[in-house]
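**Q**
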Amino acid sequence: MNANNSLLDDSLLANGTNLEGLLPSPRVIGTVKGPGETGNQYVFITADNRSVKIGEFVFYAVVAPGQETALQILGKISARCLIDHLPDRIFADTEISPETIAALVGFTYNNPEIYEITVDVVGYFDLNLGFMNPRRTPNPGAKVYLADDAMLRRVLNKKQPGEVGAAHIGSLLLRESDVPVALDVKELVSTHMAILAGTGSGKSYTAGVLIEELLLPHNRAAVLIFDPHGEYHTLAEMRGHAAFQGSDGYAPKVKILTPEDIRIRVSSLDYYDILTLLPDMSDRQQSILNKAYRLLQRHKQGEYRWGIQDLIAAVREADMQVDEEGNEKSGSSAPALEWKLERLERSQYFHTFEHTVAPRDLFEPGQVTVLQMNEISQEEQQVICAAVLRQANQARMNTHRNLVKPEDENFLPYPVFIIVEEAHRFAPANEPSRCKAVLRTILSEGRKFGLGMGLITQRPGKIDSDVLSQCMSQFIMRIVNPVDQESLKYGVEAAGRDLLKELPALTKGQIIVAGACVNTPVLCKVRQRLTKHGGETLNAPEMWQQHFQAHHARDRQIQQAPVAGRSRSQTVRGVSIE
Ligand SMILES: Nc1ncnc2c1ncn2[C@@H]1O[C@H](COP(=O)(O)OP(=O)(O)O)[C@@H](O)[C@H]1O
Ligand SMILES: [Mg+2]
34 MNANNSLLDD
44 SLLANGTNLE
54 GLLPSPRVIG
64 TVKGPGETGN
74 QYVFITADNR
84 SVKIGEFVFY
94 AVVAPGQETA
104 LQILGKISAR
114 CLIDHLPDRI
124 FADTEISPET
134 IAALVGFTYN
144 NPEIYEITVD
154 VVGYFDLNLG
164 FMNPRRTPNP
174 GAKVYLADDA
184 MLRRVLNKKQ
194 PGEVGAAHIG
204 SLLLRESDVP
214 VALDVKELVS
224 THMAILAGTG
234 SGKSYTAGVL
244 IEELLLPHNR
254 AAVLIFDPHG
264 EYHTLAEMRG
274 HAAFQGSDGY
284 APKVKILTPE
294 DIRIRVSSLD
304 YYDILTLLPD
314 MSDRQQSILN
324 KAYRLLQRHK
334 QGEYRWGIQD
344 LIAAVREADM
354 QVDEEGNEKS
364 GSSAPALEWK
374 LERLERSQYF
384 HTFEHTVAPR
394 DLFEPGQVTV
404 LQMNEISQEE
414 QQVICAAVLR
424 QANQARMNTH
434 RNLVKPEDEN
444 FLPYPVFIIV
454 EEAHRFAPAN
464 EPSRCKAVLR
474 TILSEGRKFG
484 LGMGLITQRP
494 GKIDSDVLSQ
504 CMSQFIMRIV
514 NPVDQESLKY
524 GVEAAGRDLL
534 KELPALTKGQ
544 IIVAGACVNT
554 PVLCKVRQRL
564 TKHGGETLNA
574 PEMWQQHFQA
584 HHARDRQIQQ
594 APVAGRSRSQ
604 TVRGVSIE
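Just so we're aligned: 446 in our numbering is position 413 of the sequence shown, and the numbers increase by one with no gaps anywhere.
1. Apart from the five residues on each side of it in sequence, which residues of its chain come closer than 7 Å, Cβ to Cβ, to Leu243?
2. Just mark Pro574 as buried or exposed, buried being the case when its beta carbon has 16 or more other beta carbons within 10 Å.
3. Within its chain, find whatever has a CB closer than 8 Å to the CB of Pro194; leave out the 5 residues flanking it on each side and keep chain order.
4. Closest to Arg492 by CA distance: which of Lys236, Ser300, Gln342 is it?
5. If you drop the 5 nearest sequence neighbours on each side, which residues of the same chain put their C-beta closer than 6 Å to that of Ile258?
6. Check the DSSP bridge columns for Tyr157 and list the partner residues they point to.
7. For a quick check, are the C-beta atoms of Ile62 and Tyr178 less than 8 Å apart?
8. Among all residues, which have a Cβ less than 5 Å from at least one non-hydrogen atom of ligand 1, and in what chain order do they fall?
9. DSSP on Ser271, reduced to helix/strand/coil?
10. Please indicate yes or no: does the CB of Glu264 lie closer than 7 Å to some heavy atom of ligand 2?
11. Apart from the five residues on each side of it in sequence, which residues of its chain come closer than 6 Å, Cβ to Cβ, to Asp42?
12. Assign His457 to buried or exposed, taking buried as 16 or more other Cβ atoms, counted over all protein chains shown, within 10 Å of its Cβ.
13. Starting from Tyr75, follow the beta strand (DSSP E) in both directions and report where the run begins and ends.
14. Taking only three categories from DSSP, how would you classify Tyr326?
15. Of all the beta strand (DSSP E) runs that stay within the bounds of the stretch 537-586, which reach a length of 3 or more residues?
16. Under the three-state reduction of DSSP, which class applies to Gly340: helix, strand or coil?
17. Distance, Cα to Cα, Gln278 vs Pro285?
18. Count the other CB atoms within 10 Å of the CB of Cys114; is the residue buried (16 or more) or exposed (fewer)?
19. According to DSSP, Asp117 sits in a beta bridge with which residue or residues?
20. Quick one: using the 10 Å Cβ neighbour count with 16 as the cut-off for buried, is Pro465 buried or exposed?
21. Use the C-beta contact count for Gly108: other C-beta atoms within 10 angstroms, 16 or more gives buried, fewer gives exposed.
22. In this structure, does DSSP put Gly54 in helix, strand or coil?
23. Does Tyr283 come out as helix, strand or coil in the three-state DSSP assignment?
Here you go:
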């Protein structure tokens, strides 16, 4: 269908047109009063206060010339204002009900409150093009209909639940009946996404639902999660879970790498990674390390199996000084630097040969890999994350360009999706971080190579704005912090901004989904997890109670135990005489 403007000639707007028979079961909820403040808004008047919630979908109809069917121009309620009601005086009397007084004075309307509702036009839905905005508001007098469930099911989702490439994460919040919200996985995993919400609002729970969807038989994605709190191991329940079994024998793999399993080959670190891992480096030490690192790169060109000892040898070489007589003597900085490097060599995570986080180990379609990083220091987490992301990015690029052979650990012939929890730590605004550069690269170029990122943070105001602005799908939950609320305004497309007013009022599991993965921003309630959530909020009062119950039980046991031969110790002036 073409966005032909003649279709939308003013004279053909539904004003006065008989739509009976053209529309399936429209329920009229109000009448258009006129245009709104912006060119894309209109206002209508209604007495039906129950159907007109912010975020609810309504439409008006337009009949195209010579056509039997009406175009339904969908819009979303963005504001509502009470413009007429019973006189205030009636409400001042707490003894007699307002209705009784109203009846006494001869006021007999059932719904005396009148609302003016502002609607943002979304457009009419075209199967191929998505929503087309007619850029023309309805005439005064046009009827406004409540969009029915079937219509919303059809037009809100790019994919229907269960289809290949659909992630059914929940249902429309404002509808009692189940209107599914199914996201477009293709957009989600290639143009990146962000989950933004205050702590305890359900970010990790929602990420869990999304991962489940990605690993169901109709998606079979290759997913990696950086899990700094150890919350995602419960995904292992997917292994034997009936819902995840494919008719062809498919079952998702869940690979959990605990901190003990993580080994990074030192040669996969760059100079700045190593610098981050070494404590309190003086300027002189930094400059020697830098020189040593470059020497090593030259000596070991193309060779990726060098270790800390090789770097130490290079440090000695870099610190050599030549005295006035032309004799070489070692400088004074090398020993302290050597000591620091030796300490790094004893680290649990960095090794000369062992490497457990190569792309080949982490990624496979139908597999989710959980990289548990609890117990690992912030600096080490930064470096591990940077090294893994860098290698994965290189692997995707080089495989794409046919530069790696199938037996290579860097052979990565399929798109992958990587989720980073606590993303503000890995890409902080106005602060250096090991991961920021590689995250920026992946976010700006990853789409071309099929490397998608999902960033999760409770501090959207603290995350690098370049990084956040590259996430084309946003999942936003309850946020009360005004700084963080403000930072969202720029990230969310215009059609979703009015929904942001709802943020402080959202409760657990209620979410605004906006961006590339949906046809228009929606308010949604997240479905129940199929696997257990590993990050339950601790119930402190209950645990304190249990502590006492345990003690009471023990005390009772002791009291009820048969009295032993001698019950009291013998003391004389406080000194034991036994
Ligand atoms: N959609 C949901 N349905 C049911 N419980 C939820 C939902 N979302 C979150 N919760 C519960 O809320 C608590 C906090 O959720 P969590 O995802 O761990 O928060 P966050 O990661 O944002 O700090 C958990 O106990 C979780 O079980
Ligand atoms: Mg969490």
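Beta carbons are placed, not taken as given, at the ideal position from N, Cα and C, and that holds for glycine.
**A** A quick look at the data gives this:
1. Here residue 243 is taken as the residue at index 210 of the sequence shown, counted from 1. Cβ-Cβ distances below 7 Å link Leu243 to Ala200, Ile202 in the same chain, with the five nearest sequence neighbours on each side left out; the list follows chain order.
2. As a first step, residue 574 is located in the sequence shown; it is residue number 541 there, counting from the start. By the 10 Å Cβ count, Pro574 comes out exposed.
3. For the purposes of this step, residue 194 is identified with residue 161 of the sequence shown, where counting begins at 1. So the qualifying residues of the chain are His201, Pro213, Ala215.
4. Taking the sequence shown and counting its residues from 1, one reaches residue 492 at position 459. The residue from Lys236, Ser300, Gln342 with its alpha-carbon nearest to that of Arg492 is Lys236.
5. Within the sequence shown, residue 258 is the residue found at index 225, counting from 1. Counting only Cβ-Cβ distances below 6 Å, and skipping sequence neighbours, we find Tyr265, Val403, Ile452.
6. As a first step, residue 157 must be located in the sequence shown, where it is residue number 124. For Tyr157, the pairing in a beta bridge is given by DSSP as Met165.
7. For the purposes of this step, residue 62 is identified with residue 29 of the sequence shown, where counting begins at 1. For the purposes of this step, residue 178 is identified with residue 145 of the sequence shown, where counting begins at 1. Contact flag set, yes.
8. The set of residues with a C-beta under 5 Å from any non-hydrogen atom of ligand 1 comprises Thr232, Gly233, Ser234, Gly235, Lys236, Ser237, Tyr238, Lys541, Gly542, Val559, His566, Gly568, Glu569, Thr570, given in chain order.
9. The sequence position of residue 271 within the sequence shown is 238, counting from 1. First, the residue type needs correcting, since residue 271 is Met and not Ser in the sequence shown. Helix.
10. To locate residue 264, count along the sequence shown from 1; it is residue 231. With a threshold of 7 Å, the Cβ atom of Glu264 counts as near ligand 2, since some heavy atom of the ligand is closer than that.
11. On the sequence shown, residue 42 is found 9 positions in, with the first residue counted as 1. Interpretation of Asp42 is limited by its pLDDT of 43, a score under 50 that renders its predicted location unreliable; the figure taken from the coordinates is listed afterwards. Here the set comprises nothing.
12. Within the sequence shown, the letter at position 424 stands for residue 457. Label assigned to His457: buried.
13. Sequence index remark: in the sequence shown, residue 75 carries index 42 (1-based). Residues 74-79.
14. Numbered from its first residue, the sequence shown carries residue 326 at position 293. Residue state, collapsed to three classes: helix.
15. Every beta strand (DSSP E) stretch that sits fully inside the stretch 537-586 and reaches 3 residues is listed by chain position as 543-548, 555-559.
16. Here residue 340 refers to the residue found at position 307 when the sequence shown is read from its first residue. In the structure shown, Gly340 sits in coil (DSSP, three-state: anything other than H, G, I, E or B).
17. Along the sequence shown, one-based indexing puts residue 278 at 245. Along the sequence shown, one-based indexing puts residue 285 at 252. Gln278 and Pro285 have their C-alpha atoms spaced approximately 8 Å apart.
18. Along the sequence shown, read from residue 1 onward, the residue named residue 114 stands at position 81. Classified as exposed, Cys114 has fewer than 16 neighbouring CB atoms from the shown chains inside 10 Å of its CB.
19. On the sequence shown, residue 117 is found 84 positions in, with the first residue counted as 1. Partner(s): Ile147.
20. The residue given as residue 465 occupies position 432 in the sequence shown. By the 16-neighbour rule on beta-carbons within 10 angstroms, Pro465 is exposed.
21. As a working note, residue 108 is residue 75 in the sequence shown. Gly108 is classed as buried because its beta carbon has at least 16 other beta carbons within 10 Å across all chains shown.
22. In the sequence shown, residue 54 corresponds to position 21, counting from 1. Summary for Gly54: the model assigns pLDDT 49, below 50, so the residue's position carries little reliability; its value from the coordinates is reported in the next sentence. Gly54: coil per DSSP, three-state reduction.
23. For the purposes of this step, residue 283 is taken as the residue at position 250 of the sequence shown. Tyr283 falls in the coil class under three-state DSSP.
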